[in-house]
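Have a look at the structure below, then the notes.
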Amino acid sequence: MEGFIFPLSMAPQGEKLKIVSLGGGRGLRARLSSMGLAVGSEIEVIRKGRPGPFIIRIKETRIAIGMGLAAKIMVSTSNGSISGGNIRPI
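Residues 10 to 99 (the numbering used here) are what the sequence shown spells out, left to right.
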């Protein structure tokens with residue numbers, strides 16, 4: 010069962026998520042893919058930005074991205090709930 014879908018930039022720290030879509034143009038999607046961020050990938054939020062970078066883990070790699078880029082990555086929960094409790098379904 011798919012959970013809520015929301016931008017990665019709204020994800021709570023420590024949340025494990027699945028990428029459901031990548032926004033932006035073809036070049037941005039290719040760049041994200043080269044970093045291992047693709048639709049279907051499972052990620053974990055290590056550190057939420059504000060201020061500073063947004064750090065995520067994909068497999069054994071940590072990646073730092075800005076909040077603007079994190080806003081273009083749509084993710085979902087796999088268990089239907091969110092640890093932070095602030096996200097509403099769309």
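The beta-carbon is built from N, C-alpha and C at its ideal position, and this holds for glycine as well.
All figures in this text were calculated on a predicted structure; none of them were measured in a lab.
Reference residue i, options the options, closest by Cα
| i | options | result |
| --- | --- | --- |
| S30 | Q22, G61, E51 | E51 |
| I72 | K25, L41, L26, K27 | L41 |
Residue i in three-state terms, based on DSSP
| i | result |
| --- | --- |
| A39 | helix |
| I85 | The question names Ile, but residue 85 is Ser in the sequence shown. Three-state DSSP puts S85 in a strand. |
| L31 | strand |
Alpha-carbon spacing of residue i relative to residue j, whole angstroms
| i | j | result |
| --- | --- | --- |
| G61 | M44 | 19 Å |
| G34 | R56 | 26 Å |
| F13 | T86 | 6 Å |
| G58 | K25 | 16 Å |
| G49 | T70 | 16 Å |
| R66 | G32 | 19 Å |
Whether residue i touches residue j by CB criterion (8 Å)
| i | j | result |
| --- | --- | --- |
| I82 | P16 | yes |
| F63 | A79 | yes |
| V54 | G23 | yes |
Cutoff 8 Å: residue i Cβ touching any chain B Cβ
| i | result |
| --- | --- |
| A80 | Considering every chain present, this structure includes no chain B. It has just one protein chain. |
Residue i CB to nearest heavy atom of the ligand ATP below 7 Å
| i | result |
| --- | --- |
| G33 | No copy of the ligand ATP appears in this structure; indeed no ligand is present at all. |
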